[in-house]
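First comes the structure, then the notes that go with it.
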Amino acid sequence: MTSSKMPCANGKISVAPSILSADLWRLGEEVQTVQQAGADWLHVDIMDGHFVPNLSFGPSVVSSLKGKTDLPLDVHLMVEEPMLFIEPFARAGADLLTVHIEAKDEVVNALRFIKKCGVKTGVSIKPGTDPALLEPLTDLLDLVLVMSVNPGFGGQAFLPESEEQIKRVRSIIARSGRNIWLEVDGGINPQTAPLAVKAGADALVAGSAIFRAADPVLALKQIRQAAPDI
Ligand code: DX5
Ligand code: ZN
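Residue 120 in numbering that gives the first Met the number 0 sits at position 121 of the sequence shown; the count goes up by one each step and never skips.
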């Protein structure tokens with residue numbers, strides 16, 4: 000269906016700008032800017048108005064990006080029924096599909112279906128969800144996405160309790176012996192990026208801190224410098 004461009008976790012910090020905070024009037028330009036500034040992935044937030052109290056993009060936005068940018072498309076499904084949406088987003092060109100462990104559909108089925116579609120797999124946990132729930136899933140995972148805000152909106156503040164959550168996920172990944180990315184999403188900026196990386200993150204999503212900055216190129220560089228490779 001699609002050949003995934005996501006690399007394996009390799010100890011380098013990846014920065015994934017979230018287009019939720021981009022100026023959609025100039026989406027193409029915004030994406031080119033972050034690509035030239037050295038972004039590693041492009042984070043695409045999908046919201047269904049049920050799992051979170053907000054709506055965002057559908058598969059057509061992903062297919063519009065596919066082929067126009069070289070950045071791997073990191074698609075975060077904040078939807079109640081991921082089984083309905085995995086195939087459409089895989090066909091649209093997602094390189095990685097992340098589903099929430101708190102969604103209605105059985106997470107193992109969703110992860111197996113993502114794999115069957117030839118796409119890298121991710122699972123996300125909200126603040127307050129017990130990371131131990133990830134333990135039986137590690138064989139199926141390419142990435143864990145730790146939410147450091149309650150999902151639904153850009154521009155919220157990084158929750159301090161996320162550091163403990165990230166540490167717990169990092170130790171579960173270490174015990175699994177597998178190469179699994181640990182991505183952190185929500186309130187990441189040059190001040191919070193080092194906290195997330197010290198706790199064990201190796202991929203950082205940043206929306207408002209990049210796209211709402213006066214100088215997105217500088218903002219991306221500052222986040223990368225604040226979070227030197229581990
Ligand atoms: C929030 C989304 C995030 C959001 C992050 O529910 O999952 O990806 O775009 O935005 P910032 O970086 O502004 O917190
Ligand atoms: Zn996200």
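Where a beta carbon is used, it is the ideal one built from N, C-alpha and C, also for glycine.
If the criterion is Cβ atoms closer than 8 Å, does the pair residue i and residue j meet it?
| i | j | result |
| --- | --- | --- |
| Leu-76 | Ile-45 | yes |
| Ala-219 | Val-60 | Note on residue identity: the sequence assigns Leu, not Ala, to residue 219. Not closer than 8 Å, so no. |
| Gly-117 | Ala-156 | no |
| Leu-194 | Val-143 | no |
| Ala-38 | Leu-70 | yes |
| Asp-47 | Val-78 | yes |
| Ala-275 | Ile-165 | The requested residue 275 does not occur in the structure, where the chain is confined to residues 0 to 229. |
| Leu-95 | Ala-89 | no |
| Ala-213 | Asn-188 | no |
Could you tell me if residue i is buried or exposed, where buried requires 16 or more neighbouring beta carbons within 10 angstroms of its beta carbon?
| i | result |
| --- | --- |
| Asp-129 | exposed |
| Ser-161 | buried |
| Asp-22 | exposed |
| Gln-35 | exposed |
| Lys-119 | buried |
| Arg-25 | exposed |
| His-49 | exposed |
| Arg-111 | exposed |
| Asp-141 | buried |
| Phe-210 | buried |
With DSSP as the reference, please indicate the residues paired to residue i in a beta bridge.
| i | result |
| --- | --- |
| Glu-68 | Checking the sequence shown, residue 68 turns out to be Thr, not Glu. Lys-65, per the DSSP bridge assignment. |
| Leu-203 | Val-14 and Val-183 |
Under the assumption that residue i contacts residue j (Cβ atoms under 8 Å), give the Cβ distance between them as a whole number of angstroms.
| i | j | result |
| --- | --- | --- |
| Gly-153 | Ser-17 | 7 Å |
| Ala-257 | Val-196 | Outside the modelled stretch of the chain, which goes from 0 to 229, sits residue 257, for which no answer is possible. |
| Ile-124 | Ile-100 | 5 Å |
| Gly-127 | Val-51 | Actually they do not touch by this definition, with Cβ atoms about 15 Å apart. |
| Val-168 | Leu-133 | 7 Å |
| Ala-200 | Val-183 | 4 Å |
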